[in-house]
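Student:
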Amino acid sequence: MNIYSHSVHSAAKCKSQDYCSQIHTHLPPFQKIEDGVKIIKEIFLKKVLCRHDVEEINHVYRTMDDLEKKVEIIPEQSSLEILRMMIHKITELACGEFSVKKLISLYHLKKFEDKDLQIADCYNQLFSHYNSFSTLILDNEIATHLPCCKSEDLFDEDVCSLIKIEFKQDDTISKILEQKKEKFYEFLKTKETIVTKKSELKRLREGDGVLQSSTMTSDAAEKCITKHHVNLYNKDLQKEKSTFLQNIKKQLITAINVVSQVPSDPDDLQGKADFLITKIRKHLTEQGVEDGKDPIITQTEGNHFQKYPLYLDELLDNGYILLYDHLIQMNALFNPDERKAEINKMTFSQISHVVLQTMKAIVKKVEIALPVDPGQVWFILGGSGAGKSTTLAFLRGDELVRENRVYKSKNDKDALIGHELTNSCTFLPTIEKIHNNLFLIDYPGFEDTHGPLVSLGMELALKALIKKFDSKILVLEPINNIESAKGSPVTHLGDRLKRLLGNKENCLLGITKYSKDTDFLDIEALENEKKRIENQQEKIEKEQRENLSKPTEEEIKLKNEIEFICQYHIDKPLRKEEINQRLEEIKQEKEVNLNFPLVETDEKRKNKISLQEIKDELEKANANLRGKEKEILNLIGLKDYISFDKLEEGKCLIACSEKLFESPKKKFVVFSPEKLLDSKDKALLKERFENQLMEEISNKKYEDENFSHLKNMDPEVDLNKLASNLLREILSRSNPEIIEFLYLPEIDSKVVKEFKIEIINEYINNYAKFIISEINLSSMDEIMYRMERVAPRNIDLLKKQWAFLKGLVWFELGGDASKMEQLWDEMGRLYQKNSDKVIVPLHPNSFAVIFLTTLFCLSGGVNLLNLTIGGLSSFAYFEAVRKGELGFNNRYIFEIHRERAEEHIDSYTNFLKVICDALTKMKEIKKVIQEQS
323 MNIYSHSVHS AAKCKSQDYC SQIHTHLPPF QKIEDGVKII KEIFLKKVLC RHDVEEINHV
383 YRTMDDLEKK VEIIPEQSSL EILRMMIHKI TELACGEFSV KKLISLYHLK KFEDKDLQIA
443 DCYNQLFSHY NSFSTLILDN EIATHLPCCK SEDLFDEDVC SLIKIEFKQD DTISKILEQK
503 KEKFYEFLKT KETIVTKKSE LKRLREGDGV LQSSTMTSDA AEKCITKHHV NLYNKDLQKE
563 KSTFLQNIKK QLITAINVVS QVPSDPDDLQ GKADFLITKI RKHLTEQGVE DGKDPIITQT
623 EGNHFQKYPL YLDELLDNGY ILLYDHLIQM NALFNPDERK AEINKMTFSQ ISHVVLQTMK
683 AIVKKVEIAL PVDPGQVWFI LGGSGAGKST TLAFLRGDEL VRENRVYKSK NDKDALIGHE
743 LTNSCTFLPT IEKIHNNLFL IDYPGFEDTH GPLVSLGMEL ALKALIKKFD SKILVLEPIN
803 NIESAKGSPV THLGDRLKRL LGNKENCLLG ITKYSKDTDF LDIEALENEK KRIENQQEKI
863 EKEQRENLSK PTEEEIKLKN EIEFICQYHI DKPLRKEEIN QRLEEIKQEK EVNLNFPLVE
923 TDEKRKNKIS LQEIKDELEK ANANLRGKEK EILNLIGLKD YISFDKLEEG KCLIACSEKL
983 FESPKKKFVV FSPEKLLDSK DKALLKERFE NQLMEEISNK KYEDENFSHL KNMDPEVDLN
1043 KLASNLLREI LSRSNPEIIE FLYLPEIDSK VVKEFKIEII NEYINNYAKF IISEINLSSM
1103 DEIMYRMERV APRNIDLLKK QWAFLKGLVW FELGGDASKM EQLWDEMGRL YQKNSDKVIV
1163 PLHPNSFAVI FLTTLFCLSG GVNLLNLTIG GLSSFAYFEA VRKGELGFNN RYIFEIHRER
1223 AEEHIDSYTN FLKVICDALT KMKEIKKVIQ EQS
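In our numbering, each residue's number is its place in the sequence shown (first place is 1) plus 322.
1) I'd like to know whether the C-beta atoms of GLU980 and ILE833 end up nearer to each other than 8 Å.
2) Measuring straight from C-alpha to C-alpha, what distance separates LEU523 and GLY418?
3) In this structure, does DSSP put SER994 in helix, strand or coil?
4) Checking the sheet assignment: what are the DSSP bridge partners for HIS757?
5) Between which residues of its own chain and THR539 is the CB-CB distance below 6 Å, once the five residues before and five after are set aside?
6) For the beta strand (DSSP E) containing LEU692, list its first residue and its last residue.
7) Is GLU781 buried or exposed, if buried means 16 or more other CB atoms sit within 10 Å of its CB?
8) Give the secondary structure of PRO696 by DSSP, where H, G and I count as helix, E and B as strand, and everything else as coil.
9) Considering only residues of the same chain and omitting the five flanking positions on each side of LYS424, which have a CB-CB separation below 7 Å?
10) Is the beta carbon of ILE1082 less than 8 Å from the beta carbon of ILE1247?
11) Secondary structure at ILE345, three-state DSSP: helix, strand or coil?
12) Around the Cβ of THR466, are there at least 16 other Cβ atoms within 10 angstroms (buried) or fewer (exposed)?
13) Is the distance from the Cβ of ILE702 to the Cβ of ILE954 below 8 Å?
14) Less than 8 Å between the beta carbons of GLU356 and GLN399, yes or no?
15) Since CYS471 sits in a beta bridge, which residues does DSSP pair it with?
16) Tell me which residues share the same chain as LEU286 and place their Cβ nearer than 8 Å to its Cβ, disregarding the 5 neighbours each side in the sequence.
17) Do you know offhand how far GLN353's Cα is from GLU390's?
18) Of all the options LEU1006, LEU778, ASP962, which has the alpha carbon lying nearest to the alpha carbon of ILE1069?
19) Might you give, ordered along the chain, the residues of its own chain that have their beta carbon closer than 7 Å to the beta carbon of VAL376, omitting 5 neighbours on each side?
20) When you compare only the Cα positions, how much space is there between GLU865 and GLN910?
21) Give the C-beta separation of LEU1120 and LEU1241 to the nearest angstrom, bearing in mind that I take them to be a contact with Cβ-Cβ under 8 Å.
22) With distances taken Cα to Cα, identify the nearest neighbour of GLU868 among VAL517, LYS710, GLU403, GLU913.
23) Which value, in whole angstroms, describes the spacing of the CA atoms of LEU637 and ASN1087?
24) Examine the Cβ distances between the stretch 925-940 and the stretch 780-795 and report whether three or more of them are shorter than 8 Å.
25) In terms of residue numbering, what span does the beta strand (DSSP E) encompassing ILE892 cover?
26) Can you find the residues in the same chain that come closer than 8 Å, C-beta to C-beta, to GLU1253, ignoring five residues on each side of it along the sequence?
27) Between which two residues does the beta strand (DSSP E) carrying ARG724 extend?
28) If you follow the alpha helix (DSSP H) that TYR452 is part of, which residue opens it and which one closes it?
29) Within 8 Å, do at least three Cβ pairs link the stretch 961-974 to the stretch 820-831?
30) Who are GLU799's beta bridge partners in DSSP?
31) Whole alpha helix (DSSP H) runs in the stretch 823-878 with 4 or more residues, listed along the chain?
32) Is it right to say ALA708 is buried, meaning 16 or more other beta carbons lie within 10 angstroms of its own, or is it exposed?
33) Looking at the strands, I want to know which residues DSSP matches up with VAL728.
34) Look at the alpha carbon of LEU957 and the alpha carbon of GLU769, and state the distance between them as a whole number of angstroms.
Set out below in structure tokens:
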């Protein structure tokens, strides 16, 4: 271990358990026994099992055993099924045709915790059988396929167990093993970098340098902090002023942090901070805020976490260092133009890294959170401020209250709403399990907050997730967005959905932010006023009915009289009957009066007029609100919507849940088959492609290329595939991330095709120039003239091959065939190296020989330097002939060396044929890609 110090190794060794040299997927959570069987099936599909795989098998096996103890009826797909699968896998590995992949897999499966299967005995028998015929080639294959897992020590243990001691010293095997260890050391170094960056992140959050900057005076820092917080959280501020102060806040924090973290040019940064302070003072004065009267709010830890949220830790923990650096850089810039300017300085390779890591971070976050069979998966899409977090809290059942037109959750233990301190914070998704088969995913917004590269990565991640899971999409849009210029934010969202999805009409629209809409607020106010007047009217009528129901004087007198008769037992039956009859008549008269319309009073008439006016206003406001809802629906291009209006009411949750979750007819969404990119993203990629990547390809050194892995490709059968493989080979060694990016299934194939055509065209043209630069054009004719006396027949074949090569090269460079001979010398001067430096026509070990003999399955690559003539190398002999230093009048010398000369000429003729055949195939490739364009 000679690459990194022992201290680095010791510090990172405890953190290295996640390392695996092959693709390793994290175990998804599961709560059903059947899901465990699905996970094991996925693992067994791998060609080579590693330590991680067996650990996960053991974990699933234990978990399923625990789950089975908690149920009365064990399903058919249970731990017994895993044992059956394990037995089948062991039989498959131990029996049948031998392969080193089977041997490695069985070696690791020994660690399966159920020892009754006697896997170790099966492995020992297989390994004993292997030892009886093992060869250096087979051990080389073991070294190639053996995964390096967890630690260097464990890998050494695996190597000692599987590779013979005498073969370990082989140069090829040693090189393979060392390369795997180097990748492991790179992993350790990455871990060390992560530790360093997390320490820096902690200091940023603690505010180091904000108030204690060595390059900023305490007075200036105090002014910055004071002005930074002027009325920042004053609820009475107007919207425009609040927005302005929020923007200034971001700029000021950035300036202070930059001043404290980059002391290389403090004067310039100090001036920038002072400029911002002046700018704040000026605008505060314009807004009517006087100096000396501004409330000072102390800097809080929450402010720093808002600028440096917790998702940054998660990105570092997962090794996305380039993405982390990019986010820190983008968040330190003031506006989209500055972010774009900085991105225009990046290489295409750096762009590919950022987009890929963004995509992988988001996809991994969702995949880890969702079980094997998640049921319904709803992605909640919308811009920042669309209410995604509030809607998610509402749908998961939080009790919401409205304060100053903003909803807050009484039981939001994760601080989801506002998400200043959560992992979401507009970058990583928030996943909520509503019940067993329903998951909601709060997907980050696509705005330019983190720059266009991150937005592009988010789009590609969404496409990948939609493809993997049977997904439905709830698109959120604030109702007040329709009030902006012609609803441009809404239209932009509709265009994005159309570009991303092949069936955007299957999305469900969720309209939010009703509490900030003027019509909705008017409706609420009118309904409250209407209710007040109706209550008042009811009170008046109640009083009228009570008055009508009150006993009249006659009724009171008659009741008193009959009470007196009854009390003193006066014998007046006729009078008593007469009174009762009259009382009944009075009662009937009251009932009749109560059934008649009540008397209209002035107050009642006034209330009726007010109620009618309110109803008219309500009808108008409701029509306006419904019109806005339909306009948003039409602008986005969807068919159905949910109104997330009164989130504090339980009946709203019931209505929304029924429409969202209990609609079996709602179809899944799919991403657009065209996989189109945003025009701005496409322009950015093209600019960096043309101005950076193509320049890099133009300066590529061909001598170092190796195309040996393509030699099985048959160009006669599949030139189109050969062209794609040629593109992969051009970039795979130096920039594998570019190939991974361009060949993502979710990327725009039209853009990739344009790039592929330009790269291959440039590559083939440059290769033709390279051929010219490597062949001594000025000497060839003279060499053939002088050697013709030695071997006229051989030279004739060489001349024909040479003429053919000249024509092919000329064609590749776009020359006029009729003027080929006339301008050939001029071409030589353009591309030819100094003739003194090109003594030999072509070095046998150069890229030309390797490429031409392997890529196109052509023979003819020969080691011309091994040919000697009279003690001189054949090339030296040719040069001597060319310079006239050897005469051919001496018949003795001529006879001795003529046979060697003929062999040399034939070899060189065959060598030129290799080049000609290669250029011919290149010509065919070029034709294919030109037809594609």
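Even for Gly, the Cβ is constructed at its ideal location relative to N, Cα and C.
Tutor: Reading off the structure:
1) As a first step, residue 980 must be located in the sequence shown, where it is residue number 658. As a first step, residue 833 must be located in the sequence shown, where it is residue number 511. No, Cβ-Cβ distance for GLU980 and ILE833 is not below 8 Å.
2) As a first step, residue 523 must be located in the sequence shown, where it is residue number 201. As a first step, residue 418 must be located in the sequence shown, where it is residue number 96. If you take the alpha carbons of LEU523 and GLY418, they lie about 55 Å apart.
3) As a first step, residue 994 is located in the sequence shown; it is residue number 672 there, counting from the start. The three-state secondary structure of SER994, taken from DSSP, is coil.
4) Residue mapping note: residue 757 aligns to position 435 of the sequence shown, counting from 1. According to DSSP, which records beta bridges pairwise, HIS757 is partnered with LEU760.
5) Against the sequence shown, residue 539 aligns to sequence position 217. Here the model assigns THR539 a pLDDT of 40, short of 50, so the residue's position is not dependable, and the following value carries that caveat. Nothing meets the Cβ criterion.
6) By 1-based counting over the sequence shown, the position of residue 692 is 370. First-last for LEU692: undefined, no H or E at that position.
7) On the sequence shown, position 459 is the one that residue 781 refers to. It counts as buried.
8) Position 374 of the sequence shown, counted from the start, is the residue given in the question as residue 696. Coil at PRO696, not helix or strand.
9) Taking the sequence shown and counting its residues from 1, the one referred to as residue 424 is at position 102. Excluding sequence neighbours, LYS424 sits near LEU415.
10) Locating residue 1082 in the sequence shown gives position 760, counting from the first residue. Locating residue 1247 in the sequence shown gives position 925, counting from the first residue. Their beta carbons are under 8 Å apart, which means ILE1082 touches ILE1247 by this criterion.
11) Your numbering for residue 345 matches position 23 in the sequence shown. The three-state reading of DSSP puts ILE345 in coil, since its state is none of H, G, I, E or B.
12) For the purposes of this step, residue 466 is identified with residue 144 of the sequence shown, where counting begins at 1. Per the 10 Å Cβ criterion, exposed.
13) The count along the sequence shown starts at 1 and reaches residue 702 at position 380. The count along the sequence shown starts at 1 and reaches residue 954 at position 632. The criterion of a C-beta distance shorter than 8 Å is not satisfied by ILE702 and ILE954.
14) Here residue 356 refers to the residue found at position 34 when the sequence shown is read from its first residue. Here residue 399 refers to the residue found at position 77 when the sequence shown is read from its first residue. For GLU356 and GLN399, yes; Cβs fall inside 8 Å.
15) Walking along the sequence shown from the start, residue 471 turns up at place 149. DSSP, once it has assigned bridges, lists CYS342 as partnering CYS471.
16) Look at the range of the chain in this structure, 323 to 1255, and you will see that residue 286 is not part of it.
17) Counting from 1 along the sequence shown, the entry for residue 353 is found at position 31. Counting from 1 along the sequence shown, the entry for residue 390 is found at position 68. When rounded, the distance between both Cα atoms is 11 Å.
18) Here residue 1069 refers to the residue found at position 747 of the sequence shown. Out of LEU1006, LEU778, ASP962, LEU778 has the C-alpha closest to the C-alpha of ILE1069.
19) Looking up residue 376 in the sequence shown gives position 54. Excluding sequence neighbours, VAL376 sits near HIS430, LEU431, LYS433, PHE434.
20) Residue mapping note: residue 865 aligns to position 543 of the sequence shown, counting from 1. Residue mapping note: residue 910 aligns to position 588 of the sequence shown, counting from 1. Spanning the two alpha carbons is a distance of roughly 20 Å.
21) Walking along the sequence shown from the start, residue 1120 turns up at place 798. Walking along the sequence shown from the start, residue 1241 turns up at place 919. Separation of the CB atoms of LEU1120 and LEU1241 is rounded to 17 Å, and the pair is thereby denied contact status at 8 Å.
22) Your numbering for residue 868 matches position 546 in the sequence shown. When the alpha-carbon of GLU868 is set against those of VAL517, LYS710, GLU403, GLU913, the nearest one is in GLU913.
23) For the purposes of this step, residue 637 is taken as the residue at position 315 of the sequence shown. For the purposes of this step, residue 1087 is taken as the residue at position 765 of the sequence shown. In this structure, the straight-line span from the alpha carbon of LEU637 to that of ASN1087 is close to 42 Å.
24) Touching, no.
25) For the purposes of this step, residue 892 is taken as the residue at position 570 of the sequence shown. Where ILE892 is concerned, there is no enclosing beta strand (DSSP E), given that its DSSP letter is neither H nor E.
26) Against the sequence shown, residue 1253 aligns to sequence position 931. So the list is empty, once near-sequence residues are dropped.
27) As a position in the sequence shown, residue 724 is number 402, starting the count at 1. ARG724 -> beta strand (DSSP E) spans 722-725.
28) Taking the sequence shown and counting its residues from 1, the one referred to as residue 452 is at position 130. Residues 441-453.
29) Taking a contact to require three or more Cβ pairs closer than 8 Å, the stretch 820-831 and the stretch 961-974 qualify as touching.
30) The residue labelled residue 799 in the question sits at position 477 within the sequence shown. GLU799 is bridged by DSSP to ILE833.
31) Here the runs fully enclosed are 840-871.
32) Reading the sequence shown from its first residue, position 386 is the one you call residue 708. Taking a 10 Å sphere around the C-beta of ALA708, we find 16 or more other C-beta atoms and assign the residue as buried.
33) For the purposes of this step, residue 728 is taken as the residue at position 406 of the sequence shown. BP columns for VAL728 point to GLU725.
34) Your numbering for residue 957 matches position 635 in the sequence shown. Your numbering for residue 769 matches position 447 in the sequence shown. Cα-Cα distance, rounded: 19 Å.
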